[in-house]
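First residue of the sequence shown: 1, per full-length UniProt numbering; consecutive thereafter.
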Amino acid sequence: MSSSITQATFDHLARRLDELAAEFPTGPEAVDLVTLTDDIGTLAHHLQQATERAQERFTAPATVHPLERAALVRLTRATAGIPKALDILAEALTYATTGFQREAVADLAPSHLRNDPEVLRIMTAEKYAEASARLRETAAALRPTPGPAAPSPPRSAVLRTHPPAQSHAAPPHPLATRDHSVLALPPALPTPPGAAPARR
1 MSSSITQATF
11 DHLARRLDEL
21 AAEFPTGPEA
31 VDLVTLTDDI
41 GTLAHHLQQA
51 TERAQERFTA
61 PATVHPLERA
71 ALVRLTRATA
81 GIPKALDILA
91 EALTYATTGF
101 QREAVADLAP
111 SHLRNDPEVL
121 RIMTAEKYAE
131 ASARLRETAA
141 ALRPTPGPAA
151 PSPPRSAVLR
161 THPPAQSHAA
171 PPHPLATRDH
181 SVLALPPALP
191 TPPGAAPARR
């Protein structure tokens, strides 16, 4: 029984594509025909592996649950970028091979024509850059998409959950002055005989 198509399958393929793109030459001086043909073979191998994994699941549809069917759709859509990268590398190989052929021409003077070996090497490097961008885009499509960020609560809700701090200081003395000193009461008058004492 074949294994299911999961995010681990996508991550594995994405890593391989990123690794291959990172190895592509970034300048015309690094272009090499042997390496170019090897890169094409490696990329074709990755495409074959991806299609074989999908084929294994197509042969046993009763065992493929709905979530995996959605994963298969995502896999086939993402891997559509691999043949496009292969086409670009095939163009690069055409340029490089033409330059290889022109190098054998005796007394070939340098020129700015399309069939000049140096110009063809530059064009090959440019195609490499296009293929690298395509592979990185495909690898990004294979990785999980981050979910939307949680919305921030409204200001009114924040105020409700965080009420203003209340002061726990003792209330001011009823006879306190502005400098927080307490006014002294005048001395009590003597109480006449037989009268009730005065209240303060």
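We put the CB at the ideal spot given by N, CA and C, even for glycine.
Run of the alpha helix (DSSP H) containing residue i, from where it starts to where it stops
{"i": "Leu-144", "result": "According to the sequence provided, residue 144 is Pro. The question's Leu does not apply to it. Taken as a continuous stretch (DSSP letters only), Pro-144 belongs to no alpha helix (DSSP H), as it is neither H nor E."}
CB contact flag (residue i, residue j, <9 angstroms)
{"i": "Gly-81", "j": "Ala-141", "result": "yes"}
{"i": "Pro-25", "j": "Tyr-128", "result": "yes"}
{"i": "Ile-5", "j": "Leu-75", "result": "yes"}
{"i": "Phe-10", "j": "Ala-70", "result": "no"}
{"i": "Leu-135", "j": "Asp-18", "result": "yes"}
{"i": "Leu-120", "j": "Leu-36", "result": "no"}
{"i": "Ala-85", "j": "Leu-33", "result": "no"}
{"i": "His-46", "j": "Arg-16", "result": "yes"}
{"i": "Ala-54", "j": "Leu-72", "result": "yes"}
{"i": "Arg-57", "j": "Thr-63", "result": "yes"}
{"i": "Asp-87", "j": "Gly-99", "result": "no"}
Residue from the options with nearest C-alpha to residue i
{"i": "Gln-101", "options": "Glu-118, Leu-86, Ile-88, Thr-59", "result": "Glu-118"}
{"i": "Glu-68", "options": "Arg-136, Thr-145, Ser-3, Val-31", "result": "Ser-3"}
{"i": "residue 201", "options": "Ala-21, His-65, Ala-62", "result": "The requested residue 201 is not part of the displayed model; the chain covers only 1 to 200."}
{"i": "Ala-131", "options": "Ile-40, Thr-145, Gly-99", "result": "Ile-40"}
{"i": "Glu-23", "options": "Thr-145, Pro-144, Gly-99, Ala-133", "result": "Ala-133"}
{"i": "His-12", "options": "Ala-30, Gln-49, Val-31, Glu-29", "result": "Gln-49"}
{"i": "Glu-137", "options": "Val-105, Pro-83, Glu-103, Glu-91", "result": "Pro-83"}
Inset, instruction - Could you name each continuous alpha helix (DSSP H) segment of 4 residues or more that falls completely within the region 16-103, going from the start of the chain to the end? - result: Listed in chain order, the complete alpha helix (DSSP H) runs (minimum 4 residues) inside the region 16-103 are 33-58, 66-78, 81-102.
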